[in-house]
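Colleague: Just passing along the structure, written as structure tokens.
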Amino acid sequence: MSNREHEETKDSSILKKPLSRRDLLRLAGTGGLGLIIGGAGMGGLFAAKERKTAAAVAGHPDTEDRIPFYGKHQAGIITPSQNFIYFAAFDVTTTDAQELKKLFQAWTAAAAAMTEGSMLGEESANHNLPPVDTGESAGLSPSRLTLTFGAGPSLFDSRFGLASKRPANFSDLPAFNGDQLDARWCGGDLAVQACADDLQVAFHAIRNLARIARGTAVLRWTQEGFQRTGSADPAGGTPRNLLGFKDGTANPDATSSEQMNRVVWAGAEGGAAWMAGGSYMAVRRIRMRIEVWDRSSLKDQEETFGRYRASGAPLGGQHEFDKVDLSAKGPDGSPAIPANSHMALARGDGSVQILRRSYSYSGGMDAKTGQLDAGLLFICFQRDLQKQFIPLQQKLAKSDRLNEYIQHVGSAVFACFPGASSGGYIGETLL
Amino acid sequence: MNLKLHTIIPAGIILSSLLFAGCSEKESADPAASETKTETSAANTGTSAQSAGTDSAAAQTTDFSAAVESYRTFAVEQCDQFVKQTEKFTEAVKAGKLEEAKALYAPARSYYERIEPIAEALGNLDPDIDARVNDVDAAEWRGFHRIEKGLWEDKTTKGQEAFADRLLQDAQLLRAKVETVDIDASLMVTGAVELLNEVSSSKVTGEEELYSHTDLYDFAANVEGAAKIYEILKPDLAKKDPDLEKQIGERFDALKKELDAYKKGDGYVSYTELKEDEVRKLSQNLDALAEPLSNMGTLLGV
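Shown next, in the form of structure tokens:
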């Protein structure tokens, strides 16, 4: 990242020219892009706004649909969950760190435009060229689109000279009891989490980022996910997972900067000053044994979670947010909340917290068994995986009653960069 | 050689121009859209119109006649070889030499696969020569893949004699017609992309050669055909957009290197020997090439 470069090109005439996607790709391939972004912000590159956004600029109140891309932290972490996710892990195919940097710059430019609801590039007068933007989000609101970028542990191997920058506590997750991981849903050099209130908008974002990456990085695995939409639940209650239970009741308060600094935002520790203001993401594709669960009694289901299904209240309590008392006894003298219930284990003494941001997923039918391939795309953010997710998951993997009904089939971790400011790019503290 | 040079603008392009013209009129009539334009984008629009004008001026002066002639020469050469090799193949089929016919099958097809867009421009010849099972009505199915099924699945040349005769006739017809096909720069540019799209949609998935699994021969030939077009247009492209020219060249090299790993003797290993991750890598390398290649249309200006 070089401010000097930006200054040098501020008045470059190229800023005034419209850029085609071909130009964008060309620049991504030759190093010009960073200069352009640096000098012009987004005005020169992505001036072709959709009408809806143009109207918003003029003062019409659709700003609720837009979440700023630039900022101290990346959006999509403490942002209230959108209705849909399209998650994509990428493998970098280039071995040239400069190419990787150019990809980050090109992705930044595109992400900033798409989260604004802008089309990529301008309509070219040359109709012999493919359109710059793939077009399926034309005329749609940005739908609170957020794009969150991160680097996997494999990025810190010998390819890009980043080995010394790998944070001390950041590596692939250890094997947990009962893991049934499938390489189809594991790992990745890079991750992009696209969340939006419209699945087509989220899909469009990943599709175009993958297209821009062609020749530099390839898709490794993807998973789309959903939860109840805002319109189905205007009150915005805690969403239910596919086992029918409220999930995320115990999340820390994302509006409290004290809590977020303590739980979510990484500092400069572990020799990774570049991660200050970023966050570590754990992703687990957890398949639910839907059919088995559906045959278990309500009593068993509630004891598995440690909560009532209907209200979400802790067993023995009345309301969802009642204080959890793990020492409370039931009528028969045994703990009201079984010690091996999901909630009791996940909560522990309350000292270890994570920010959950999971979505349900449906992968269609498992052709082998004819059963539903459905479950949870578990995502959580924290400032230190070793101190938060890993000990928590070790405990759950060993004893959680819920393990009877779930299997962890996918796994990945990513160091999500701190936010970028306008004129900068994601990952600029690293490359 | 009877060389007819045409500067035909495909109907699709005219049509889409009209459509877009209609749209932009509507856009600018919308007061909300024009009022809220920022200064920057207004400036961009101005420059855009200007540079579009320059582009079309350049397009008018670019003379592709040498490139077109060069490509036609290549297409004719490939056709000559195609007829020759198809004759050997069909003779082996008719002589009942099963193993010999199987060995000649994929190499003969390569000449066709290199110039497939030409055949596709010639009406029914492509399905007659290259239809796969279910591509056409069962009663009309003939050509290479019909014989492929006989040789590999039924394991005999018996019953294939008539198909062999027809195939040779169709090949000869292609050779005769290639002299008259309208080739222009636009056909070359779209043809190069089509060749790679062919690979994407059926070769890399192993669906093209359902019985013989010689898909990699077709894969390589399609890529060679696209590379030939790129080579011919390279000087013009280098003038118009040197970075794009360089990027396409590098990605052709990367893909060819990838393919070379599967060479065996004079040909390629069976598709069935490819592992899942190897197929994926080939496919992703192909996409990485096809993306910039699809921007060769920049040569055609506006």
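Protein chains in written order, with the numbering used here: chain A, 1 to 431; chain B, 1001 to 1302.
Backbone N, C-alpha and C define an ideal beta-carbon position, used for all residues, glycine too.
These numbers were taken from a predicted model, which means no experiment stands behind them.
1) Quick one: residues in its chain with C-beta nearer than 6 Å to the C-beta of residue 1031/B, no 5 flanking neighbours on either side, listed in chain order?
2) Going by DSSP, which residues form a beta bridge with residue 260/A?
3) Return yes when the C-beta of residue 395/A is under 7 Å from any heavy atom of the ligand ADP, and no when it is not.
4) With the cut-off set at 8 Å, would you say residue 1111/B and residue 1081/B are in Cβ contact?
5) Report yes or no: is there a C-beta of chain A within less than 8 Å of the C-beta of residue 1121/B?
6) By DSSP, does residue 61/A sit in helix, in strand, or in coil?
7) Between residue 216/A and residue 1289/B, what straight-line distance do the alpha-carbon atoms span, to the nearest angstrom?
8) Are any of the Cβ atoms in chain A nearer than 8 Å to that of residue 1291/B?
9) Mind listing, in chain order, the continuous alpha helix (DSSP H) runs of no fewer than 4 residues lying wholly within the stretch 352-420 of chain A?
10) Just to make sure I have the definition right: I need the residues of chain B whose C-beta is within less than 8 Å of the C-beta of residue 130/A. Which are they?
11) Give every residue of the same chain whose Cβ lies closer than 7 Å to the Cβ of residue 241/A, excluding the five residues on either side of it in the sequence, and list them in chain order.
12) So what's residue 163/A in DSSP terms, helix, strand or just coil?
13) Please return the same chain residues whose Cβ sits closer than 8 Å to the Cβ of residue 277/A, not counting the five positions on each side in sequence.
14) Using the beta-carbon of each residue, which ones in chain A are nearer than 7 Å to residue 1288/B?
15) Going by beta-carbon coordinates alone, are residue 1298/B and residue 1241/B separated by less than 8 Å?
16) Looking at residue 394/A: is its Cβ nearer than 8 Å to the Cβ of residue 354/A?
17) Indicate the three-state DSSP secondary structure (helix, strand or coil) for residue 98/A in the structure shown.
18) Beta-carbon within less than 8 Å of residue 293/A's beta-carbon, same chain only, minus the 5 sequence neighbours each way: which residues are those?
19) Could you name the residues of the stretch 123-154 of chain A whose beta carbon sits closer than 8 Å to any beta carbon of chain B, in the order they occur along the chain?
20) If you measure from the beta carbon of residue 1284/B to each beta carbon in chain A, is any gap under 8 Å?
21) For the beta strand (DSSP E) containing residue 281/A, name the first residue and the last one.
22) Using the Cβ count rule (16 or more neighbours within 10 Å means buried), how would you classify residue 434/A?
23) Going by DSSP in three states, residue 329/A sits in which element: helix, strand or coil?
24) Of all the options 1202/B, 1158/B and 1131/B, which has the alpha carbon lying nearest to the alpha carbon of residue 1098/B?
25) Quick check: what's the CA-CA separation for residue 1141/B versus residue 1148/B?
26) Thinking just about the alpha-carbon of each residue, which of 138/A, 128/A and 349/A is nearest to the one in residue 323/A?
27) Starting from the C-beta of residue 319/A, find all residues in its chain whose C-beta is less than 7 Å away, skip the five residues before and the five after it, and write them out in chain order.
28) Is the beta carbon of residue 87/A closer than 8 Å to that of residue 229/A?
29) Sort 115/A, 96/A and 94/A by Cα distance to residue 76/A and report the nearest one.
30) Going along the stretch 1142-1158 of chain B in order, which residues come within less than 9 Å of chain A, judged by CB to CB distance?
31) Does residue 1186/B have its Cβ less than 8 Å from a Cβ in chain A?
32) So which residues of chain B does residue 218/A contact, with C-beta pairs closer than 7 Å?
33) Which whole-angstrom value describes the C-beta separation of residue 225/A and residue 90/A, a residue pair presumed to lie in contact below a C-beta threshold of 8 Å?
34) Tell me where the beta strand (DSSP E) around residue 1112/B begins and ends.
35) If you reduce the DSSP assignment to three classes, tell me which class residue 1291/B lands in.
36) Indicate whether the contact test is met: 3 or more Cβ pairs, each with one atom in the stretch 361-374 of chain A and one in the stretch 136-144 of chain A, closer than 8 Å.
Modeller: Straight from the coordinates:
1) Residue numbering aside, residue 1031/B sits at position 31 when the second sequence is read from its first letter. With a pLDDT of 40 at residue 1031/B, under the threshold of 50, the modelled position of this residue cannot be trusted, and the question is left open.
2) Translated into positions along the first sequence, residue 260/A becomes position 260. The partner list for residue 260/A (beta bridge, DSSP) is empty, contrary to what the question assumes.
3) Only the bare structure without any ligand can be found here, which leaves the ligand ADP out of the picture.
4) To locate residue 1111/B, count along the second sequence from 1; it is residue 111. To locate residue 1081/B, count along the second sequence from 1; it is residue 81. Cβ distance < 8 Å, so residue 1111/B and residue 1081/B count as in contact.
5) What you label residue 1121/B is simply residue 121 of the second sequence in a count that begins at 1. Closer than 8 Å: no.
6) Mapped onto the first sequence, residue 61/A falls at position 61. For residue 61/A, the predicted model reports a pLDDT of 41, less than 50, meaning its position is unreliable; a value from the coordinates is still stated below. Taken through DSSP and simplified to helix, strand or coil, residue 61/A comes out as coil.
7) Numbered from 1 along the first sequence, position 216 holds the residue referred to as residue 216/A. Numbered from 1 along the second sequence, position 289 holds the residue referred to as residue 1289/B. One C-alpha to the other measures close to 11 Å.
8) Position 291 of the second sequence, counting from 1, holds the residue named residue 1291/B. Closer than 8 Å to some Cβ of chain A, the Cβ of residue 1291/B qualifies, so yes.
9) Along the length of the stretch 352-420 of chain A, whole alpha helix (DSSP H) runs at least 4 residues long occupy 389-399, reported in chain order.
10) Taking the first residue of the first sequence as position 1, residue 130/A is located at position 130. Those are 1294, 1295 and 1297, listed as they occur along chain B.
11) Here residue 241/A is taken as the residue at index 241 of the first sequence, counted from 1. Correct list, in chain order: 247, 360 and 376.
12) Along the first sequence, read from residue 1 onward, the residue named residue 163/A stands at position 163. Three-state result, residue 163/A: helix.
13) Stepping through the first sequence from its first residue, residue 277/A is reached at position 277. The beta carbon of residue 277/A sits closer than 8 Å to the beta carbons of 72, 73, 265, 266, 418 and 419 from its chain, once the five residues preceding and following it are set aside; these are given in chain order.
14) Counted from its first residue, the second sequence places residue 1288/B at position 288. Correct list: 214 and 215.
15) Here residue 1298/B is taken as the residue at index 298 of the second sequence, counted from 1. Here residue 1241/B is taken as the residue at index 241 of the second sequence, counted from 1. For residue 1298/B and residue 1241/B, yes; Cβs fall inside 8 Å.
16) Mapped onto the first sequence, residue 394/A falls at position 394. Mapped onto the first sequence, residue 354/A falls at position 354. With respect to the 8 Å criterion, residue 394/A and residue 354/A are not classified as neighbours on the basis of their beta carbons.
17) Position 98 of the first sequence, counting from 1, holds the residue named residue 98/A. Three-state DSSP puts residue 98/A in a helix.
18) Residue mapping note: residue 293/A aligns to position 293 of the first sequence, counting from 1. For residue 293/A, same chain residues with a beta-carbon under 8 Å away, outside a window of 5 residues either side, are 243, 301 and 405 in chain order.
19) Cβ contacts with chain B come from 123, 125, 126, 127, 128, 129 and 130.
20) For this step, residue 1284/B is matched to residue 284 along the second sequence. Yes - at least one Cβ of chain A is within 8 Å of the one on residue 1284/B.
21) On the first sequence, residue 281/A is found 281 positions in, with the first residue counted as 1. 279-288 is the span of the beta strand (DSSP E), which, as asked, contains residue 281/A.
22) An answer regarding residue 434/A cannot be provided, because it is not within the stretch 1 to 431 covered by chain A.
23) The residue labelled residue 329/A in the question sits at position 329 within the first sequence. If DSSP states are grouped into helix, strand and coil, residue 329/A belongs with the strands.
24) Locating residue 1098/B in the second sequence gives position 98, counting from the first residue. Nearest option by C-alpha distance: 1158/B.
25) Walking along the second sequence from the start, residue 1141/B turns up at place 141. Walking along the second sequence from the start, residue 1148/B turns up at place 148. Rounded to the nearest angstrom, the two C-alpha atoms are 12 Å apart.
26) Taking the first residue of the first sequence as 1, we reach residue 323/A at position 323. If you compare the alpha carbons of 138/A, 128/A and 349/A with that of residue 323/A, the shortest gap goes to 349/A.
27) Taking the first residue of the first sequence as 1, we reach residue 319/A at position 319. Closer than 7 Å at Cβ, skipping near neighbours: 311 and 313.
28) Within the first sequence, the letter at position 229 stands for residue 229/A. Within the first sequence, the letter at position 87 stands for residue 87/A. It is not a contact, given that the beta carbons lie outside the stated cut-off.
29) Position 76 of the first sequence, counted from the start, is the residue given in the question as residue 76/A. Per the Cα distances, 115/A.
30) If the cut-off is 9 Å between Cβ atoms, the stretch 1142-1158 of chain B has nothing near chain A.
31) For this step, residue 1186/B is matched to residue 186 along the second sequence. Contact with chain A is found for residue 1186/B, since one of that chain's Cβ atoms lies less than 8 Å from the residue's Cβ.
32) Against the first sequence, residue 218/A aligns to sequence position 218. Near residue 218/A (Cβ distances below 7 Å), the residues of chain B are 1284.
33) Working through the first sequence from its first residue, we reach residue 225/A at position 225. Working through the first sequence from its first residue, we reach residue 90/A at position 90. About 18 Å separates the two Cβ atoms, so there is no contact after all.
34) Taking the first residue of the second sequence as 1, we reach residue 1112/B at position 112. Membership of residue 1112/B in any beta strand (DSSP E) is not indicated; the residue belongs instead to the alpha helix (DSSP H) covering 1098-1114.
35) Taking the second sequence and counting its residues from 1, one reaches residue 1291/B at position 291. Judged by DSSP in its simplified three-state form, residue 1291/B adopts helix.
36) Touching, no.
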